Amino acid sequence: MAEPSSRVESTGDSIAHALRQDILAGRLTAGERLIEEAIAKKYGVSRVPVREALTRLQSEGFVTIVRYRGAAVSETLVQDGRELLQIRRGLEVLAAQLAATNRGGEAAGELAALAEDVDRHGDRHDDEHGPSFHELVAAASGNRQLVEMLAGINRRVQWGLGNNPEASTSDHRALAQAIVNGSVVQAGYLMDEHLRRDERYFADEFEHD
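Numbering (the working numbering), first residue to last: 93 to 301.
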């Protein structure tokens, strides 16, 4: 098979993407060993970008790397995803409540404008739009540690949410309105309901046992 390539991505990024897709599609199964030499041969590259790819996948929770034993597909990927989504919801609710306490802070105008854009264009959920709204809410919380924690969690769970047809953005307008109005309880409630959809989708899609 030819080496995956991209004008934007590095070779390591491309290999990480290919391995990630193989894991999600079930072509690489939980606990399966990932041999650097075999992967390098498959893609016609040295072991350096392969090692880079495996390290990245480890940071995302897809792979475990044990000293002297090497890399393997994580056996707890789905469990980790479920637990991280629960943590994410708690932190996002807190972010929404703090943002409402601040009435959106410096992000108030941006939140309102983005909410109106959602309303004009109807339901949509894509990598550019969805995260930007939640990043604004986190920033509006005024809590830098919370922003960093959410960014880290979102990077690790995005794989399980990208194709969720029920993750409607139509309620972003109501959530943004609650924040700029200073409705702390309402903002927390709306965020909680919004993210429970993600958790239901994740369970339906990945938890079959």
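C-beta atoms are modelled at their ideal positions from N, C-alpha and C, and glycine is treated no differently. Note that the structure is predicted; figures quoted are calculated from it, not measured.
Residue i and residue j: beta carbons closer than 8 Å?
{"i": "Val-277", "j": "Thr-193", "result": "no"}
{"i": "Glu-299", "j": "Arg-174", "result": "yes"}
{"i": "Ala-230", "j": "Leu-238", "result": "yes"}
{"i": "Glu-128", "j": "Arg-143", "result": "yes"}
{"i": "Ala-164", "j": "Arg-125", "result": "yes"}
{"i": "Gly-294", "j": "Leu-253", "result": "Rather than Gly, the amino acid found at residue 294 in this sequence is Phe. Against a cut-off of 8 Å, the Cβ pair of Leu-253 and Phe-294 comes out as a contact."}
{"i": "Thr-103", "j": "Val-137", "result": "yes"}
{"i": "Ile-115", "j": "Ile-179", "result": "no"}
Quick check on this structure: which residue in the options has the alpha carbon closest to the alpha carbon of residue i?
{"i": "Leu-282", "options": "Phe-154, Ala-187, Ala-108, Gln-250", "result": "Ala-187"}
{"i": "Gly-118", "options": "Ser-166, Asp-105, Asp-284, His-264", "result": "Ser-166"}
{"i": "Glu-202", "options": "Ile-271, Ala-295, Leu-126", "result": "Ile-271"}
{"i": "Leu-169", "options": "Trp-251, Gly-280, Arg-125", "result": "Trp-251"}
{"i": "Glu-284", "options": "Leu-253, Thr-156, Leu-267, Arg-181", "result": "According to the sequence shown, residue 284 is Asp rather than Glu. The option with the nearest alpha carbon to Asp-284 is Arg-181."}
{"i": "Leu-190", "options": "Glu-124, Gly-274, Val-137, Ala-243", "result": "Gly-274"}
{"i": "Gly-123", "options": "Gln-269, Lys-133, Ile-157, Ala-268", "result": "Ile-157"}
{"i": "Leu-146", "options": "Ala-199, Asp-105, Tyr-135", "result": "Asp-105"}
Would you call residue i buried or exposed, if buried means 16 or more other Cβ atoms sit within 10 Å of its Cβ?
{"i": "Glu-184", "result": "buried"}
{"i": "Gly-196", "result": "buried"}
{"i": "Ala-308", "result": "One cannot answer for residue 308 here, as it falls past the ends of the chain, which runs 93 to 301."}
{"i": "Tyr-160", "result": "exposed"}
{"i": "Thr-121", "result": "exposed"}
{"i": "Gly-162", "result": "exposed"}
Mapping the DSSP letters down to three states, classify residue i as helix, strand or coil.
{"i": "Gly-252", "result": "helix"}
{"i": "Ile-127", "result": "coil"}
{"i": "Gly-201", "result": "helix"}
{"i": "Val-137", "result": "coil"}
{"i": "Gly-104", "result": "helix"}
{"i": "Ala-243", "result": "helix"}
{"i": "Arg-161", "result": "coil"}
{"i": "Thr-168", "result": "coil"}
{"i": "Thr-193", "result": "helix"}
{"i": "Thr-147", "result": "helix"}
Alpha carbon to alpha carbon, how far is residue i from residue j?
{"i": "Ile-107", "j": "Ile-131", "result": "9 Å"}
{"i": "Asp-248", "j": "Glu-152", "result": "Per the sequence shown, the amino acid found at residue 248 is Arg instead of Asp. The straight-line gap from Cα to Cα measures roughly 5 Å."}
{"i": "Gln-113", "j": "Gln-150", "result": "14 Å"}
{"i": "Ala-110", "j": "Glu-291", "result": "25 Å"}
{"i": "Gln-171", "j": "Arg-265", "result": "32 Å"}
{"i": "Leu-242", "j": "Leu-177", "result": "10 Å"}
{"i": "His-286", "j": "Leu-267", "result": "9 Å"}
{"i": "Asp-219", "j": "Arg-288", "result": "At Asp-219, the pLDDT of 43 sits below 50, so the modelled position is not reliable; the number obtained from the coordinates is stated separately. Their Cα atoms are separated by approximately 18 Å."}
{"i": "Arg-236", "j": "Gly-280", "result": "19 Å"}
{"i": "Pro-141", "j": "Lys-133", "result": "12 Å"}
{"i": "Tyr-135", "j": "Leu-228", "result": "39 Å"}
{"i": "Asp-263", "j": "Glu-198", "result": "21 Å"}
{"i": "Gln-269", "j": "Glu-240", "result": "24 Å"}
Closer than 8 Å, CB to CB, is residue i near chain C or not?
{"i": "Tyr-135", "result": "The chain inventory of the structure shown lacks chain C, comprising one protein chain alone."}
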